[in-house]
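Line by line, the protein sequences give chains A and L.
Take 198 as the starting number for the first sequence in the numbering used here and just add one per residue.
Take 198 as the starting number for the second sequence in the numbering used here and just add one per residue.
Number of protein chains: 2
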Amino acid sequence: MSRVLNKKLRKKITTAEEAAKLIKPGHNVGMSGFTGAGYPKEIPGALAANIKAAHERGEEFMIGLFTGASTAPELDGVLAEVDGISFRTPYQSDPIMRKKINAGISEYADIHLSHLAPMIWAGSMGRLNTAVVEVTAINEDGTAVPSSSVGNNKTYLDQADQIILEVNSWQSADLEGMHDIYYGTRLPPERQPVMLTHTGDRIGQRNYKLDLDKVVAVIETDAPDRNTPFKPADEDSKKMAGFFLEFLTHEVKKGRLPKDLLPLQSGVGNVANAVLAGLMDGPFSYLTSYTEVIQDGMVDLIDADKMTVASATAFSLSPEYANRMNDQAKRYRDKIVLRPQEISNHPEMIRRLGVIACNGMIEADIYGNVNSTHIMGSKMQNGIGGSADFTRNSFISAFVTPSVAKGGAISCIVPMVSHHDHTEHDVQVLITEQGLADLRGKSPKQRAKLIIANCAHPTYRPLLEDYYEHAQKVCNGLQTPHDLRLSLSWHQRFLETGTMQPA
Amino acid sequence: MSRVLNKKLRKKITTAEEAAKLIKPGHNVGMSGFTGAGYPKEIPGALAANIKAAHERGEEFMIGLFTGASTAPELDGVLAEVDGISFRTPYQSDPIMRKKINAGISEYADIHLSHLAPMIWAGSMGRLNTAVVEVTAINEDGTAVPSSSVGNNKTYLDQADQIILEVNSWQSADLEGMHDIYYGTRLPPERQPVMLTHTGDRIGQRNYKLDLDKVVAVIETDAPDRNTPFKPADEDSKKMAGFFLEFLTHEVKKGRLPKDLLPLQSGVGNVANAVLAGLMDGPFSYLTSYTEVIQDGMVDLIDADKMTVASATAFSLSPEYANRMNDQAKRYRDKIVLRPQEISNHPEMIRRLGVIACNGMIEADIYGNVNSTHIMGSKMQNGIGGSADFTRNSFISAFVTPSVAKGGAISCIVPMVSHHDHTEHDVQVLITEQGLADLRGKSPKQRAKLIIANCAHPTYRPLLEDYYEHAQKVCNGLQTPHDLRLSLSWHQRFLETGTMQPA
Ligand SMILES: CC(C)(COP(=O)(O)OP(=O)(O)OC[C@H]1O[C@@H](n2cnc3c(N)ncnc32)[C@H](O)[C@@H]1OP(=O)(O)O)[C@@H](O)C(=O)NCCC(=O)NCCS
Ligand SMILES: CC(C)(COP(=O)(O)OP(=O)(O)OC[C@H]1O[C@@H](n2cnc3c(N)ncnc32)[C@H](O)[C@@H]1OP(=O)(O)O)[C@@H](O)C(=O)NCCC(=O)NCCS
């Protein structure tokens with residue numbers, strides 16, 4: 198049975214090939230999709246074919262691509278492959294997309310996940326020509342049931358000149374009721390407080406509003422989300438998770454955190470999942486999560502009755518867990534709320550709720566600055582994502598990384614980071630498999646001592662001590678001692694010799 | 198007549214010398230004071246004398262000093278002069294304090310102005326032993342009338358083990374009623390929305406609550422605030438103000454800003470005042486200001502009926518305007534609200550109100566990163582202040598600087614900033630006397646072209662073009678092209694030769 202129940206939209210059902218023709222060269226296109234969940238499955242491929250054909254005819258055809266965050270090969274991958282993306286925002290992590298960005302083919306604007314929707318609405322991102330959004334169903338009344346990610350869909354549906362919908366019957370019909378689509382946002386001077394005071398509060402409506410006249414095509418799909426399975430947690434990840442949980446336990450003991458903690462946010466990745474796994478055996482009950490994505494570990498915590506509610510904007514589940522969610526969505530929808538990313542990542546809520554944030558990073562420096570995005574200063578890895586939405590506004594903000602990368606050729610603790618995403622003002626806790634540094638309320642010099650002693654790898658620790666000693670002797674002021682001739686020389690050495698270690 | 202009307206506290210009136218004895222070596226002391234307004238006038242001097250005497254006896258005596266922001270020579274100056282400050286936070290700008298920080302005598306933690314109060318409350322800054330707060334009067338009921346700055350006083354009075362009050366009769370008694378002291382803040386998980394939706398809203402009470410048992414001394418003073426008079430706006434400042442107003446006018450025309458703009462925040466300094474002066478002749482009426490400090494220019498706008506209301510945490514007025522304020526506080530108190538700095542700088546309000554922020558900077562780089570704090574990477578100038586509270590959360594965030602400093606020996610637009618306070622993700626508009634670059638929604642490469650063309654000084658423009666061209670050739674990825682051997686070489690050249698210009 199078709200899930201397109203609205204009569205008017207029933208008439209607009211067509212093929213991906215036909216629908217894709219409505220996307221023209223130069224269009225800014227807002228697509229659904231957040232970490233391999235809820236992205237359109239067919240239009241991007243059909244569009245890529247059109248772009249490829251145009252290029253073969255010698256015609257120019259590229260689009261500006263806006264999403265929720267990273268997507269999947271069927272979206273970023275196929276469009277990047279044909280050099281179809283002139284401009285990309287906000288977060289991406291597809292290998293081909295990354296290659297095109299670093300080759301200078303696609304311009305990439307790395308915008309905070311919470312900022313993009315209001316910026317589009319305010320008109321500062323240019324006109325949004327087309328929205329392509331996956332939904333679970335279209336109701337008779339013309340509202341649309343969101344799919345496995347919400348992302349910026351509300352804004353794309355609102356703001357685009359024309360709308361193309363993919364109705365994916367692979368998504369469980371029982372997702373209806375899990376979402377909280379908040380329509381109370383306004384542009385200033387009309388903005389009001391967002392009246393959400395607990396992780397699980399619902400302040401919006403279940404489904405998207407649609408302007409039916411703007412819907413130019415509906416296509417029906419039946420295809421799974423594509424998320425990468427997690428690797429089992431390695432020893433280092435378990436150690437880092439251990440340090441973090443020890444720290445939290447200490448804070449509870451000191452009376453600086455409530456005994457059931459505060460809402461948790463965790464970045465994607467192995468360490469994040471190891472932390473969640475650690476919580477399974479930990480002393481905390483009644484946990485909550487106010488975060489970007491629902492990961493396997495959270496589902497486990499919910500099943501074990503250790504987590505009472507989790508709020509996010511998308512699923513980021515391994516195939517096994519995604520199937521479980523699809524089978525049992527009805528059961529989970531009391532414990533999980535999916536929101537627009539401008540709400541899941543909203544500074545107002547993150548600060549109010551007092552979120553405990555823990556994110557991955559590429560490198561940190563001895564003064565506590567963090568690089569989340571660039572390899573050796575110039576090359577984009579993924580993007581800042583929501584890490585700064587959380588870091589700046591959270592009650593505790595932690596960053597984790599193994600102390601070395603590339604088998605020890607790279608130290609992830611360096612004299613000066615090669616790109617700054619989170620400054621010394623925002624980073625409170627650093628964690629590697631070597632240990633944890635609590636930087637709160639410390640001056641740069643106090644931080645340097647802690648970071649070098651607790652977080653650096655033994656191979657690099659004496660080199661960092663040398664740099665720090667030397668910098669104090671030659672610098673022009675002792676607030677943040679640097680020797681600018683040497684501060685980025687480790688990165689340069691790696692680029693030239695393949696290792697940060699001196700010959 | 199004494200302004201200490203409460204009987205219990207009347208008995209605690211004493212001299213500054215006696216009161217200062219209550220401050221012991223190692224104390225963390227929270228003092229009032231924000232840009233030369235409302236700082237204690239006598240205790241710091243008496244304390245400095247005690248410290249000096251102790252040092253002469255060979256004894257250790259230093260304190261941790263917490264304030265609202267920068268203060269005056271009578272506070273930061275006297276205590277720094279005697280090497281009395283082991284730890285300082287959050288913002289400072291006193292020449293002697295700066296010297297001691299850069300000499301490594303005082304550790305300085307550069308914390309966002311909105312973050313400090315909640316961090317102290319949460320216990321992550323250690324114990325606060327003493328509060329020293331200037332007030333205008335103590336009422337019979339034991340509440341205290343705030344003085345010309347609010348800053349962190351509410352928190353210091355709440356959290357300190359003991360309280361010393363200075364009651365300054367130089368401050369106008371008519372200040373009572375101008376303040377809005379919000380007692381609704383909580384620690385998570387108890388935090389609630391801050392129900393402030395318009396610049397002029399009042400959500401708190403007029404005066405400070407006091408725990409009378411904690412007040413260990415009261416002293417009476419009669420001394421003026423000490424603010425630096427402004428220099429008359431120079432040609433460059435007028436040009437920058439002109440570019441900014443032109444930009445705002447353009448945004449209104451495009452429908453991206455309401456016709457009376459949105460609440461303005463402006464950093465301290467000459468350009469800020471030139472912008473305010475420009476608004477006097479501009480097309481906008483019914484302006485409002487949601488900012489840190491009330492400057493001369495705002496008083497003019499209020500007098501001219503161009504500004505309906507201004508919200509801040511302190512005055513920062515020239516002596517002439519400070520006297521006027523003192524004489525006519527009754528008249529101004531309908532149009533001016535002074536709030537705790539955790540509210541004046543609160544991300545929740547700044548974002549909700551849609552503040553238009555404009556702050557000074559030391560340097561920006563071609564990719565739009567901004568350095569507000571460090572000279573040549575290591576040496577502290579003042580601190581980040583509230584610039585990041587505003588920049589990250591504002592509707593439009595602009596930074597201004599002349600394109601060169603030190604007579605042209607320094608380019609304020611550089612390949613890579615030597616310290617990062619505001620990252621590429623947060624900086625939207627850059628302005629120098631050369632022009633304006635609108636960076637919203639642009640990739641780093643798109644930004645570089647604009648910044649070099651519009652903002653760099655003609656002497657340095659070709660050098661920046663060369664760097665950018667060269668970096669694209671040698672970098673390991675074209676997202677943010679850098680040559681890490683050269684990216685900080687301009688600063689290094691300045692340190693070695695006294696100019697950034699190549700020989
Ligand atoms: C920073 C981030 C890339 C780390 O993710 P991760 O999965 O732990 O990363 P990995 O350890 O697999 O490293 C990714 C790559 O960077 C390399 N790398 C790691 N540290 C490095 C360093 N210091 N210098 C250079 N390269 C480094 C790895 O070797 C790996 O290279 P490969 O792709 O060639 O194998 C990721 O957390 C991220 O994208 N963060 C930003 C967004 C964010 O925080 N979102 C959270 C939700 S709010
Ligand atoms: C950045 C800031 C210092 C600029 O203030 P300003 O009054 O415009 O600064 P000036 O132009 O007088 O410069 C201050 C000094 O830095 C020097 N300077 C300016 N640009 C420089 C550069 N690019 N490199 C090195 N030195 C530089 C000046 O020559 C001057 O030196 P001096 O003291 O030896 O004369 C000031 O805005 C600040 O402290 N900002 C951070 C806090 C903030 O933004 N608060 C706003 C309220 S929210």
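Using N, Cα and C, we set each Cβ at its ideal position, and we do this for glycine too.
Owing to the predicted nature of the structure, the values given are computational and were not obtained by experimental measurement.
Specify whether the stretch 365–383 of chain L and the stretch 660–679 of chain A touch according to this definition: at least 3 beta carbon pairs, one from each stretch, less than 8 angstroms apart.
no
Please report the straight-line C-alpha distance between L:Phe441 and A:Gly574, rounded to a whole angstrom.
One C-alpha to the other measures close to 31 angstroms.
Does any heavy atom of ligand 2 sit closer than 7 angstroms to the C-beta of L:Leu598?
A small correction: the amino acid at residue 598 of chain L is Thr; Leu does not occupy that position in the sequence shown. Remark: the shortest separation between the CB of L:Thr598 and any heavy atom of ligand 2 falls under 7 angstroms.
L:Ile298 and L:Met577 look like a contact to me (Cβ under 8 angstroms); what is the Cβ gap, rounded to whole Å?
5 angstroms
When you compare the CB of L:Tyr529 with every CB in chain A, is at least one pair closer than 8 angstroms?
Using a Cβ-Cβ cut-off of 8 angstroms, L:Tyr529 does not count as an interface residue toward chain A, since no Cβ of chain A sits closer than that to its own.
Residue range of the beta strand (DSSP E) that A:Asn542 falls in?
Run containing A:Asn542: none; DSSP gives neither H nor E here.
When the Cα atoms are used, what is the spatial distance from L:Leu514 to L:Val597?
21 angstroms
Rounding to the nearest angstrom, what Cα-Cα distance links L:Leu393 and L:Asp431 in this structure?
37 angstroms
State the start and end residues of the unbroken alpha helix (DSSP H) segment that holds L:Arg285.
Unbroken run through L:Arg285 is the beta strand (DSSP E), Ile282 to Thr286; no alpha helix (DSSP H).
Taking 8 angstroms as the threshold (C-beta atoms), are A:Gly265 and A:Ala511 in contact?
yes
With a threshold of 7 angstroms (Cβ to nearest heavy atom), would A:Val449 be considered close to ligand 2?
Answer for A:Val449: no, Cβ out of range of ligand 2.
Does at least one heavy atom of ligand 1 sit under 7 angstroms from the Cβ of L:Ala509?
no
Name the residues in the stretch 325–349 of chain L whose C-beta lies less than 9 angstroms from a C-beta of chain A; which are they?
none
Determine the extent of the alpha helix (DSSP H) in which L:Gly475 is found, giving its start and end residues.
Asn467 to Asp478
Below 7 angstroms CB to CB, which residues in the same chain sit around A:Glu214 once its five sequence neighbours on both sides are set aside?
Ala243
With a threshold of 7 angstroms, establish whether the CB of A:Lys603 neighbours any heavy atom of ligand 1.
yes
Quick check: does the Cβ of L:Phe587 come within less than 7 angstroms of any heavy atom belonging to ligand 2?
yes
If we count the other Cβ atoms within 10 Å of its Cβ and call it buried at 16 or more, is A:Asp291 buried or exposed?
buried
Measuring from the CB of L:Asn590, is there a heavy atom of ligand 2 at a distance below 7 angstroms?
no
May I ask you to list the residues that DSSP assigns as paired with L:Ser303?
By DSSP's assignment, L:Ser303 forms no beta bridge with any residue.
Can you check DSSP and say which residues form a bridge with L:Lys576?
L:Ile572
Please identify the residue among A:Leu262, A:Leu354, A:Ile563 and A:Gln689 whose C-alpha is closest to the C-alpha of A:Asn651.
By alpha-carbon distance to A:Asn651, the top candidate from A:Leu262, A:Leu354, A:Ile563 and A:Gln689 is A:Ile563.
Give every residue of the same chain whose Cβ lies closer than 6 angstroms to the Cβ of A:Ala306, excluding the five residues on either side of it in the sequence, and list them in chain order.
Thr286
Taking Cβ to Cβ, would you say A:Gly320 is nearer than 8 angstroms to L:Lys451?
yes
In terms of alpha-carbon separation, which member of L:Ala509, L:Asp531 and L:Gly494 lies closest to L:Glu517?
L:Gly494
With hydrogens ignored, establish whether the beta-carbon of L:Ile559 is closer than 7 angstroms to any heavy atom of ligand 2.
yes
Would you verify that the beta carbon of L:Leu459 is, or is not, closer than 8 angstroms to some beta carbon of chain A?
yes
Alpha carbon to alpha carbon, how far is L:Pro659 from L:Gln698?
Here the alpha carbons of L:Gln698 and L:Pro659 stand approximately 12 angstroms from one another.
Is L:Cys672 close to chain D, meaning its C-beta is less than 8 angstroms from at least one C-beta of that chain?
Among the protein chains in the structure shown, which are A and L, there is no chain D.
I want to verify the contact list: residues of chain A whose CB lies under 7 angstroms from the CB of L:Leu675, in sequence order.
Asn299, Ala300 and Gly301
Tell me, to the nearest whole angstrom, how far the beta carbon of A:Ile628 is from that of A:Met437; I am working on the premise that it is less than 8 angstroms.
The pair is a contact, with the Cβ atoms about 5 angstroms apart (cut-off 8 angstroms).
Exposed or buried, which one is A:Thr340 when buried takes at least 16 other CB atoms within 10 Å?
Taking all protein chains shown into account, A:Thr340 has 16 or more neighbouring C-beta atoms within 10 Å of its C-beta and is therefore buried.
Check each candidate in A:Ala602, A:Arg453 and A:Gln368 and name the one with the smallest Cα separation from A:Tyr657.
A:Ala602
Is A:Cys555 near ligand 1 - that is, is its Cβ less than 7 angstroms away from at least one heavy atom of it?
no
Alpha helix (DSSP H) containing L:Phe444: first to last residue?
Glu432 to Lys450
What residues in the stretch 598–631 of chain L have a beta carbon less than 9 angstroms from any beta carbon of chain A?
Met613, Val614, Ser615, His616, His617, Asp618, His619, Thr620, Glu621, His622, Asp623 and Gln625
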